[in-house]
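These protein sequences, in sequence, are chains A and B.
First residue of the first sequence: 1, per full-length UniProt numbering; consecutive thereafter.
First residue of the second sequence: 1, per full-length UniProt numbering; consecutive thereafter.
The beta-carbon is built from N, C-alpha and C at its ideal position, and this holds for glycine as well.
Below: the structure, in structure tokens.
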Amino acid sequence: MGGKMRFLLLFSRQGKLRLQKWFTPLTDREKKKVIRDMMMMVLARPPRTCNFLQWRDLKIVYKRYASLYFCTGLEDQDNELLTLEVLHRYVELLDKYFGNVCELDIIFNFEKAYFILDEFLMGGEILETSRMAVAGSLEEADTLQETMEEYMSRPAY
Amino acid sequence: MPAVSKGDGMRGLAVFISDIRNKSKEAEIKRINKELANIRSKFKGDKALDGYSKKKYVCKLLFIFLLGHDIDFGHMEAVNLLSSNKYTEKQIGYLFISVLVNSNSELIRLINNAIKNDLSSRNPTFMCLALHCIANVGSREMAEAFASEIPRILVADTMDSVKQSAALCLLRLYKTSPDLVLMGEWTSRVVHLLNDQHMFQGVVTAAISLITCLSQKNPDEFKTCVSLAVSRLSRIVSSASTDLQDYTYYFVPAPWLSCKLLRLLQCYPPPEDGAVKGRLVECLETILNKAQEPPKSKKVQHSNAKNAILFEAISLIIHYDEPNLLVRACNQLGQFLQHRETNLRYLALESMCTLASSEFSHEAVKTHIETVINALKTERDVSVRQRAADLLYAMCDRSNAKQIVAEMLSYLETADYSIREEMVLKVAILAEKYAVDYSWYVDTILNLIRIAGDYVSEEVWYRVIQIVINRDDVQGYAAKTVFEALQAPACHENMVKVGGYILGEFGNLIAGDPRSPLVQFNLLHSKFHLCSVPTRALLLSAYIKFINLFPETKVTIQEVLRCDSQIRNSDVELQQRAVEYLKLSSIASTDVLATVLEEMPPFPERESSILAKLKKKKGPGAVSVTELDDSKREGGELNGGGERAADTAAMAASNASTPSPSADLLGIRSSAPMGAAPAAAGSLLVDVFSEAGPAAPAAAVNNDGFLFVCKNNGVLFENQLLQIGIKSEYRQNLRMYLFYGNKTSVQFASFSTTVSCPGELTPQLNVQSKPVEPLVEGGAQIQQVLNIECLSDFSDAPLLNIKFYGGALQNLTLKLPVTINKFFQPTEMTSQDFFQRWKQLSLLGLGSALLDNVDPNPENYVCAGVIQTKGQQVGCLLRLEPNAQAQMYRLTLRCSKESVSKRLCELLSQQF
């Protein structure tokens, strides 16, 4: 019991990894293996099949949003349906932040995608379920930033 | 809302990313190398970089790393960013540190310092960043540094967001290093977080995750959370969909919190307090009722959230095993079985599997059999079909076994390759478990081999043989059926194996026209050339058995054995069998042949190795406890008694044709099969004992290690997580190789071993070992070599202590099988010498030399050896006088040191 997410991966239909978050320590080799297996399994699934798979001792929950697959591995006891909503909530937060989020936003602002995830999940457990609260703290973080002008006055390259 | 440009404007980064995009792999690498060189020169340059540039370059490095390239610098710059006062710089620094965890201790010290500063900064955003970093890295070092600080933050008067982060951060550390997180005085205050009426839902949600995990380990300490959880749950369940404002998700009030509360309650038995229990049952009923209400939204998010709570409630109902609620849950799941949402059908099948194992709902689950069979046949999605097969397996009992097995068999013909092996195991187990007449069982297994021969593992065909051997009422039928099956022009090799074995044992039961011995033999032999080496080896054993069963086949079979392709076969195993069997059939009298090749005695009772295999495939918990008990009970019926275990073992060894047939055939070395390394060919039947093999010694070794007295390798210890194999050899010193195998899919962290020589052993043994790697990957094995020097004779065993973190902290101590006889140096001597020394001294195997032609009585064994210790050499002579008729033996040892003879005597007497 006490299930939680072990990892979260975002990858494109073409098999390009866009985000990887690991909630338990794994070696680089193990990570590569997981990434490869997930892409192989998930990308091969025909449309309109169920969103759950069994992989080793993990439950895999995945969902496609436009060109991106969101894929996570759960320990045995975790709730699959609710995990689908964790993925959905993350998409909503990205959407709220970027405004109509697309794959390109995540490519060019990868660090933001990680920060947003951190506001929402910690150690594979959901940290804040309120969309307002998460968006609020992201907003606050942004106000802490220096202004664009301040940056532009510095060398860009 | 802000648009994309709202980034922090690292223009250089954006340019770099767009540069990399859509480049060929080669061009990408080229561009990256150029960038790495650029960054390196900036970092090394004379000009101090400003915070912005540092941030930009660190971020570029991170991007390159995430693309899958190695990064071996930049850590120091990232650490510098941690102490920046600018939020974005700090944030990038922490992100880099979290992703590229580094074990350099100097760096860790600096990182910990920065974290410490941020934790005490009283700036909530900085505190959260620091807490995130601790949770993301989650290493033992982090736990050591911060485990005592975080509970303080959790209960302090800080912002909710900080409390939430502190709760989950602590949870993360607790999972890595439970020994370092000491709740003690904080316990009541943490439980109290559930109580606070005005508390922000978010804090409660995070706190419950922590409490759930902690109460699994210390349920008593957190017992008070049960009633608090029930009242929280009750308030949510009865609230209107808008009461909880932003914590309402698509018209479902607080789904995350509800599920977590229901999960927490699953750590405890049903509440004893009647009022609390009543309130909880009311909640569960309300949740079940709501499932029948029309949805408040057509969005899938609404139904997912609602049903997530429902499934969590059903898990709790299953946990409580309460009849009324179980039946209601089962009916609800029954509706889902036909739902148009594939996800719900999948989950319903999955949950029903658990329901099937409760006596209260088993019958209710069974009523859905037609729907489930239909799912197996018509579902488009293989993972749903797999769940349907699982459920059929779980709902199977005597009343429906024939129907279910027949459906599974017919599904196997078209089943996806990925699930065939598991299906085969399941069919085999069900057929055995619910066999009323064994002819049905035999038919089923032979059908399995016919339909899915490639997926029939050794365990399955070993098992059918065990059962046929143990049940004389089915032997004739089995022989007849395999004979018929073998008639097919193309039959699977597994069929040949079963056929060869069974005809070799029971061919005589059906040996009338038209199945005369020679017809049987020719039928088997017609398959011989198409078979692999192990199967051929088995067939040769069947042939020698034929010679015994049917003397009239002797000439034909001897001819076959004698031909060059057998007796000079390039495969050693086949050649040896041919030579030995030919010789045996020519020299031995019919009486001897009849004894040596006697019918196999019944196999001892044991858990089906198929069940063990299925459990291994699916992981623990996949096969419920009730099933195990059942199979043991029923396995007992069909296996008969297990008194002749040792005999059986010896016979099995004889069939496996070990290098010294005379000794093994007579069953003197009854421990032979235990030690026999299962090589592919020789192990055909020895492997049947694989269940008894590793399990039994592991248990015994933990007590006294006697099993390793005469063996130099084997399995020292095995549980769900870890297997320890051992191999030792003596050369001046004793060299012991320990193999630690991680049986799980997850990594073991902080793996360490220590060998100690307690008490008076310290001056007697000198043990040297190299430390092992602290990380053992899932499925991997690591080796450790011990060098053990014997300083003087000893009787205790050194202790091996193993500590590692695999899911929880594991700590075990084993006795190493180091016994005095491991230091034997064999000595050759003549009869005269032997008895001369015998007279001088006041007592085989175990390292000393076995001497032939020394003792005037050839039945007796005598051995001689010198135990090499650093201080002195102790000469030892041994004499073993068996008396076969009385089934007794006399063992005499004479050594030049009394304590040695005493210890050897203890060790040896345990061996018989």
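Chain-order list of residues whose beta-carbon lies under 6 Å from that of residue i (same chain, five-residue window excluded)
i, result
"B/PHE739", "GLY725, GLN781, GLN783"
"B/VAL623", "Bear in mind that a pLDDT of 41 at B/VAL623, under 50, signals an unreliable position, so the number given afterwards is only what the model happens to contain. For B/VAL623, where only same-chain residues beyond five positions count, the Cβ hits under 6 Å are LYS615."
"B/GLU407", "ILE373"
"B/ALA478", "VAL442, VAL468, ILE502"
"B/MET395", "ALA356, VAL365, LYS366"
"B/GLY845", "At B/GLY845, the pLDDT of 40 sits below 50, so the modelled position is not reliable; the number obtained from the coordinates is stated separately. CYS710."
"B/SER234", "ARG279, CYS283"
"B/LEU494", "The sequence shown places Asn at residue 494 of chain B, rather than the Leu named in the question. Closer than 6 Å at the Cβ level, and outside the excluded window around B/ASN494, lie ILE449, GLY453, VAL456, TRP461."
"B/PHE251", "SER241, LYS296, SER297, HIS302"
"B/ARG398", "TYR434"
"B/PRO151", "TRP186"
Sequence-distant residues of its chain with Cβ nearer than 8 Å to residue i (five each side left out)
i, result
"A/LEU74", "GLY3, LYS4, MET5, ARG6, LEU58, LYS59, ILE60, VAL61, GLU80, THR83"
"B/THR371", "GLY334, LEU337, GLN338"
"B/THR212", "LYS260, ARG263, LEU264, CYS267"
"B/GLU77", "PHE43, LEU49, LYS54, TYR57, VAL58"
Supposed close pair residue i, residue j - CB separation, criterion 8 Å
i, j, result
"B/ALA206", "B/ALA167", "4 Å"
"B/LEU503", "B/LEU524", "6 Å"
"B/ASP793", "B/THR869", "6 Å"
"A/VAL42", "A/TYR65", "At roughly 13 Å, the Cβ-Cβ gap does not stay under 8 Å, so A/VAL42 and A/TYR65 are not in contact."
Sub-8 Å separation of residue i and residue j beta-carbons
i, j, result
"B/LEU326", "B/SER361", "yes"
"B/LEU611", "B/ILE429", "yes"
"B/HIS132", "A/ASP105", "no"
"B/ASN470", "B/PRO602", "yes"
"B/LYS60", "B/GLU26", "no"
"A/PHE23", "A/GLY124", "yes"
"B/LEU582", "B/ASN548", "no"
"B/VAL79", "B/ILE39", "no"
"B/TYR346", "A/CYS50", "yes"
"B/ARG515", "B/PHE483", "yes"
"B/ALA145", "B/ARG172", "no"
"B/ALA143", "B/SER177", "yes"
7 Å Cβ shell around residue i - same chain, five flanking residues per side excluded
i, result
"B/VAL767", "VAL755, CYS757, LEU786, ILE788, PRO798"
"B/ALA542", "GLY500, TYR501, LEU503, GLY504, LEU524"
"B/GLU777", "ASN742, GLN747"
"B/GLN91", "LEU129"
"residue 977 of chain B", "As displayed, chain B neither begins before 1 nor continues past 912, which places residue 977 of chain B out of reach and without an answer."
"B/PRO255", "TYR249, ALA305, ALA308, ILE309"
"B/GLY806", "LEU721, THR744, VAL746, PHE748"
Residue i - containing alpha helix (DSSP H), residue span
i, result
"B/PRO124", "124-137"
"B/ASN80", "75-82"
"B/VAL767", "First-last for B/VAL767: 765-769, but that is the beta strand (DSSP E), not the alpha helix (DSSP H)."
"B/GLN873", "Premise fails: B/GLN873 lies in the beta strand (DSSP E), 873-883, not in any alpha helix (DSSP H)."
"B/ASN713", "Looking at the DSSP string, B/ASN713 is not in any alpha helix (DSSP H); the run it does join, the beta strand (DSSP E), is 713-718."
"A/PHE98", "80-98"
Boundaries (first-last residue) of the beta strand (DSSP E) holding residue i
i, result
"B/ILE788", "781-790"
"B/MET736", "733-742"
"A/SER12", "5-12"
"B/ILE867", "861-868"
"A/GLY73", "68-74"
"A/VAL61", "58-65"
"B/VAL755", "749-756"
"B/THR892", "888-895"
Could you run through the segment 42-56 of chain A and flag, in chain order, every residue whose CB is less than 9 Å away from some CB of chain B? Contacts with chain B (Cβ-Cβ distance below 9 Å) from the segment 42-56 of chain A involve ARG45, PRO46, ARG48, THR49, CYS50, ASN51, PHE52, LEU53, GLN54, ARG56, listed in chain order.
Closer than 9 Å, Cβ to Cβ, to anything on chain B: give me those residues from the segment 112-134 of chain A, in chain order. Correct list: LYS112, TYR114, PHE115, ASP118, GLU119, LEU121, MET122, GLY123, GLY124, GLU125, ILE126, LEU127, GLU128, THR129, SER130, ARG131, MET132, ALA133.
Between the segment 98-110 of chain A and chain B, which residues of the former have a C-beta closer than 7 Å to a C-beta of the latter? Answer set for the segment 98-110 of chain A: PHE98, GLY99, ASP105, ILE107, PHE108, ASN109, PHE110.
Members of the segment 300-315 of chain B that neighbour chain A once the beta carbon cut-off is set at 7 Å: Here the close residues are GLN301, ASN304, ALA305, ASN307, ALA308, PHE311, GLU312.
Residues of the segment 246-278 of chain B in Cβ contact with chain A at a cutoff of 8 Å, in chain order, please. Using a CB distance below 8 Å, the part of the segment 246-278 of chain B facing chain A consists of ASP246, TYR247, TYR249, ALA254, PRO255, TRP256, LEU257, CYS259, ARG263, GLN266, CYS267, ordered along the chain.
Any residues in the segment 117-133 of chain B with a beta carbon nearer than 7 Å to a beta carbon of chain A? Which ones, in chain order? Residues THR125, HIS132.
Going along the chain, which residues of the segment 767-781 of chain B sit with their C-beta nearer than 8 Å to a C-beta in chain A? Cβ contacts with chain A come from LEU775, GLU777, GLY778.
Could you name the residues of the segment 167-188 of chain B whose beta carbon sits closer than 7 Å to any beta carbon of chain A, in the order they occur along the chain? Those residues of the segment 167-188 of chain B that come within reach of chain A (Cβ to Cβ, closer than 7 Å) are LEU168, CYS169, LEU171, ARG172.
In chain order, what residues of the segment 330-343 of chain B put their CB closer than 7 Å to some CB of chain A? Within the segment 330-343 of chain B, the qualifying residues are THR342, ASN343.
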